[in-house]
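Notes for the one structure printed next.
2 protein chains.
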Amino acid sequence: MSTLVTGIAELVTNDPSVGEGPLGVLTDAAIVVADGAVAWVGPGSAAPAADRRIDVGGRAVLPGFVDSHAHLVFAGDRAAEFEARMSGARYDGGGIGTTVAATRAASDEVLRGRLRGLVAEMRAQGTTTVEIKSGYGLTVEDEARALRLAAEVTPETTFLGAHVVPAEYAGRTDDYVALVTGPMLEACAPHARWIDVFCEPASAHAFDGDATRTVLTAGRAAGLDLRVHANQLSAGPGVRLAVELGAASADHCTHLTEADVDALAGGSTVATLLPGVEFSTRSPYPDARRLLAAGVTVALATDCNPGSCFTSSMAFCVALAVREMRMTPTEAVWAATAGGAAALRRPDVGHLRPGARADLAVLDAPSYRHLAYRPGVPIVRALDVPDR
Amino acid sequence: MSTLVTGIAELVTNDPSVGEGPLGVLTDAAIVVADGAVAWVGPGSAAPAADRRIDVGGRAVLPGFVDSHAHLVFAGDRAAEFEARMSGARYDGGGIGTTVAATRAASDEVLRGRLRGLVAEMRAQGTTTVEIKSGYGLTVEDEARALRLAAEVTPETTFLGAHVVPAEYAGRTDDYVALVTGPMLEACAPHARWIDVFCEPASAHAFDGDATRTVLTAGRAAGLDLRVHANQLSAGPGVRLAVELGAASADHCTHLTEADVDALAGGSTVATLLPGVEFSTRSPYPDARRLLAAGVTVALATDCNPGSCFTSSMAFCVALAVREMRMTPTEAVWAATAGGAAALRRPDVGHLRPGARADLAVLDAPSYRHLAYRPGVPIVRALDVPDR
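Protein sequence lines, in the order shown, are assigned to chains A and B. Using my numbering, you'd call the opening residue of the first sequence number 63 and step up by one each time. Using my numbering, you'd call the opening residue of the second sequence number 63 and step up by one each time.
Following this line, the structure appears as C-alpha cells:
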C-alpha cells in the first residue's frame, strides 16, 4: 500500500543532491511512502500515482526529529529541586539519587505508563526516533528492568549503570564499577544497544576518566557500542576518551579545551549538544560555533530527564540552539534530524531519501524556519502515514 | 446548568484568603462552575452536588492565562527577517513596514482567518483572555478594519495607529499624528477599549514623548483607556508618561532609570514584561527583580506579533521569566494570570474566586511549577466547561 503526501510547501529532505542547501529543501513538493519507507520525493507537479493521498495543505514537512539522548524510565518528580535551583542552588547531579529511590520503589506498570506517556508526548511534538537510557535503577535488577521496558518502545536502548554512584556505594566507587562491569552488564547487555557513562570528575556523584574507560571497555567487550556524557560541568577527560574509543557521540560538550575540539574534529564522534540542560540549570551554553567552525558533526537532543532538563521538545532545543548558541535555523534543524541520526549511527532515519524510514514530521507553518521563529508554540507533530 | 470539576491535584485560585501563598493554592480541590462563572471552590471532599461532573484526573488547574499584549491582525511572514536578526541584524522596529504592506493588501477573510487561527492556538495553550492591537493598517480604513475584526474575538481591543510612522508619512510625523488623533481616532474609537503608542525616541520609526502625550490625551478624550509601549529599546519617557497619565500598563520596561522604577512604584500602572521579545531579538531581559523589589505590579504577556516575537505561548513566557528574569515560578504564574488581569483592569479574570469568569486552564502535570519545569512542552490548555 502506497501513500502520496501532497501540498508540501517546503520539504526538508536532508539530501543536498535533490534540493537547496544543506537541508536539501524542495518547495511545492510531494513524497510517496510505501511499506513504511520513502519511495519517491520530488516536485508536486511530477508526483506519481499512489493508492492513497494525504494533502497537508501548504505545510512544511521534514524528517521526524531524532532525539539521541533521553532518560525516560523513572518515577517521581523533581519540580521542587528545579524551583530551588532557579533560586540559586547549583546543579551537580546529586539530585539523581531522588529519582533512583522513586524508580526502584515503582512498579513495572508505573514505569511503563510514564515511559509510554513521554514517548507519546515526544511523537506529538515531531520526534520519531528516541534513544532511552537506564540509569535510575543502579542495581542489577533495576537496571535490567529499565532496559527491558525501554526496549519495548525503541531499539536505541542505552545501559547507563554508570550514571551516578548510588548512595549504598558512597566512597566505594571501585566496588560499584566492578558491579557495573560484572553482573550488571551481564544482565543488561541483552536489552541494550549502547553503553554510556556520566564522566565528570567535577561531580562527587559521577565517574572519572579511569572508571569511564573501564566501563566503556567492558561494555564494548560485551558487544555494546559507546556513547559518553562528557564535559558537562568541567573540561574533564570525557570527550577525548569518547573519540579515542570510537564512541558514536560525546554528549553535552559544554566545557571544551582546544585539545577536545581538535580530537572531535579529527575523529568520527558526534558532538551532541543539549541546550535544554543549560536552560534548566541556568548554565552557560556550549559553543556550537566553535565546533561547527572546526568541522565537527553537531547533533541536538533534549536530554529529557526529571532533574536537569524536563523538556521533551526538540523544537524548543532548536529555538535555543538558534537564540543561545547562534546556530542558524538550517544548522539547528539539520542537527536535530540528520545530526541525531549520525549520533545514533542510523542511516535509515534523519533524512527523506528513497529508502529512508517513512518518519515524517509536519509543521503548522510554511517553513522549517518557524521552529525557531515561533518558540514554545507546538507547531510540529509526527505525521501518521498508515501503512496498510 | 452547573458543572463540578474534580480530581484537581492543585488548584491555583490567586486568592490568598482561601489557599496557600500568593497563588492561593488548594490541593485535592474541586470547583463548581455555573452560568459561565465560578460558583464554588474548595476541598474535593467538601464539593457540593452539580448537574454534571468533569474529572481532571490528578492534574493542576489554574486561571486561564491573561495575555494583555498581542498583535494578531496581520498578514505576511517575517521568518526571513528573524533569520537575519539571529545572524546579527539589529531590531529597531523597521520591519513593521513589511507587515503593514502585507496587511493592507490582504482581504478581510485572510485577516480574519489568521486572527482566529492565532486565538485558537492561544486557547489551545491555556490563554482565555487576550488583548489585540491594531497597528499594521496605519490608514483610517485599515486601522478601523483591524479593530472591527479584533472586536469579533475579544473585548480587549487596542487602537495602535501610533505603532510606527508609515512610509508615506516619512519625515512628516506631525502630519501622521494629526491623522491618528483626528479621523483615524474617530473611525477607530467605536471599536476599541484602549489606545496605545509605541513610544521610542531611539527608533526612527516610532514616537517621541511629545507625540505620545498628544496621542494618548486625544485617545482619552475619545473615551479610550491608556496603555503604552514604553522603554523597549532605550530609557525614554514612555514609562513616566504612562504613570503620569494613569495608563493601565507600561509594556516592555526593558530599559528603566531609577526615576522610572520610582514612578511605577508610586503609581497604579502595571509593568508588563514581554520576555519573548528579548528571546526573539536576542536582547537583554528586563530586570523583573528590581521591579518586584520596588513593589511594582508585574504582568507577563507574549507580545505575539510577526516581527519581534512570534510566540503565542504564555507558558513559554513563564519559563523565560523564571530562567532569564529570576522570577520564581509563583511570581511568574501570578504575573501571567492575575498580573495580566490587572494590566487590563479586569476584575473578573485572572483568579478563581466565586464570581470570576469560568476561565480555567488545565495542566498535564500535577503542579503549576511544571510550566517552568517543562519548558517548550505543550502541557497546558484551556479547559472547556460546557455552559449548557
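Note that the Cβ used here is the ideal one computed from N, Cα and C, for glycine as well. Source: prediction; values computed, not measured.
- Compare the C-beta of A/ARG147 with all C-beta atoms of chain B and state if any pair is closer than 7 Å. no
- Evaluate contact between the region 419-433 of chain B and the region 325-339 of chain B, counting only Cβ atoms and requiring at least three cross-stretch pairs below 8 Å. The region 419-433 of chain B vs the region 325-339 of chain B: no contact.
- Query: Mind listing which residues of the region 333-361 of chain A have their C-beta closer than 9 Å to chain B's C-betas, in chain order?
  - Reply: GLY338, PHE341, SER342, ARG344
- Message: Residues in the same chain with beta-carbon distance under 6 Å from B/LEU73, minus the five sequence neighbours each way, listed in chain order, please.
- Response: LEU88, ALA91, VAL123
- Presumed contact (8 Å Cβ cut-off) between B/ALA404 and B/VAL332, rounded CB distance: 5 Å
- Query: Is A/SER107 buried or exposed, if buried means 16 or more other CB atoms sit within 10 Å of its CB?
  - Reply: The residue in question, A/SER107, is exposed, as its Cβ has fewer than 16 Cβ neighbours within 10 Å.
- Three or more C-beta pairs below 8 Å linking the region 197-214 of chain A and the region 125-142 of chain A: yes
- Mind checking who B/TRP256 pairs with in its DSSP beta bridge? B/TRP256 pairs with B/THR220, B/ASP287.
- Query: Does B/SER374 get closer than 7 Å to chain A when you measure Cβ to Cβ?
  - Reply: yes
- Member of A/THR276, A/LEU222, A/PRO368, A/VAL439 whose CA lies at the smallest distance from the CA of B/SER182: According to the sequence shown, residue 182 of chain B is Ala rather than Ser. The candidate whose alpha carbon is nearest that of B/ALA182 is A/VAL439.
- Task: Could you round the C-beta distance between A/ASP113 and A/THR68 to whole angstroms and report it? I think they count as a contact, below 8 Å.
- Result: 14 Å between Cβ atoms; not a contact.
- Coarse secondary structure for A/PHE372, derived from DSSP in three states: coil
- Item | Assumed close pair B/GLY412, B/PRO217 - CB separation to whole angstroms, cut-off 8 Å | That belief does not hold up - the Cβ atoms of B/GLY412 and B/PRO217 are roughly 15 Å apart, past 8 Å.
- Message: Per the DSSP calculation, A/LEU433 is bridged to which residue(s)?
- Response: Looking at the DSSP assignment, A/LEU433 forms no beta bridge with any residue, so it has no partner.
- Query: Nearest to A/LEU336 by CA position, among A/SER370, A/PHE144, A/GLU320, A/ASP324, is which residue?
  - Reply: A/SER370
- Message: Strictly under 7 Å for the Cβ-Cβ distance: is A/SER429 near chain B by that measure?
- Response: yes
- chain A partners of B/TYR435, CB-CB under 7 Å? ALA141, PHE144, PHE372
- Have a look at A/ARG275 and B/ALA355 and give me their C-alpha separation to the nearest angstrom. 50 Å
- Note down, in chain order, every chain A residue with its Cβ under 7 Å from the Cβ of B/VAL181. Within 7 Å Cβ-Cβ: nothing; B/VAL181 doesn't reach chain A, min ~13 Å.
- Query: Taking Cβ positions only, does B/VAL442 come closer than 7 Å to chain A?
  - Reply: Interface with chain A (7 Å Cβ-Cβ cutoff): B/VAL442 is excluded.
- The beta strand (DSSP E) with A/SER342 in it runs from where to where? Unbroken run through A/SER342 is the alpha helix (DSSP H), 337-343; no beta strand (DSSP E).
- First and last residue of the beta strand (DSSP E) that includes B/ALA361? 360-362
- Proximity below 7 Å, CB of A/ALA186 to CB of A/ARG443: yes
- Measuring CA to CA, which of B/GLY308, B/PRO437, B/PRO428 is closest to B/GLY119? B/PRO428
- Query: What's the call for A/THR189, buried or exposed, on a 16-neighbour Cβ count within 10 Å?
  - Reply: buried
- Task: Report the rounded CA-to-CA distance for A/ALA264 versus A/ARG176, giving the unit in angstroms.
- Result: In this structure, the straight-line span from the alpha carbon of A/ALA264 to that of A/ARG176 is close to 31 Å.
- Could you tell me the distance, in whole angstroms, from the CA atom of B/ARG121 to the CA atom of A/GLY179? 15 Å
- A/VAL172: buried (16+ other C-beta within 10 angstroms of its C-beta) or exposed? exposed
- Message: Quick check on the DSSP output: the alpha helix (DSSP H) that includes B/ASP449 runs from which residue to which?
- Response: Segment: none, B/ASP449 is in no alpha helix (DSSP H) and carries neither H nor E.
- Is the CB of A/ARG385 under 7 Å away from at least one CB in chain C? The chain labelled as chain C is not found among the protein chains of the depicted structure, namely A and B.
- Message: Once DSSP output is grouped into helix, strand and coil, what is the label at A/VAL118?
- Response: strand
- Beta-carbon proximity list for B/ALA212, same chain, < 6 Å, skipping 5 on both sides: VAL135, ILE194, THR219
- Query: Given B/GLU143, which residues of its chain have a CB within under 8 Å of its CB, disregarding the five upstream and five downstream residues?
  - Reply: Closer than 8 Å at the Cβ level, and outside the excluded window around B/GLU143, lie ALA151, GLY157, THR160, GLY369.
- Message: For a quick check, are the C-beta atoms of A/MET53 and A/ALA383 less than 7 Å apart?
- Response: In the structure displayed, chain A extends from 63 to 450; residue 53 of chain A sits before or after that span and is not available.
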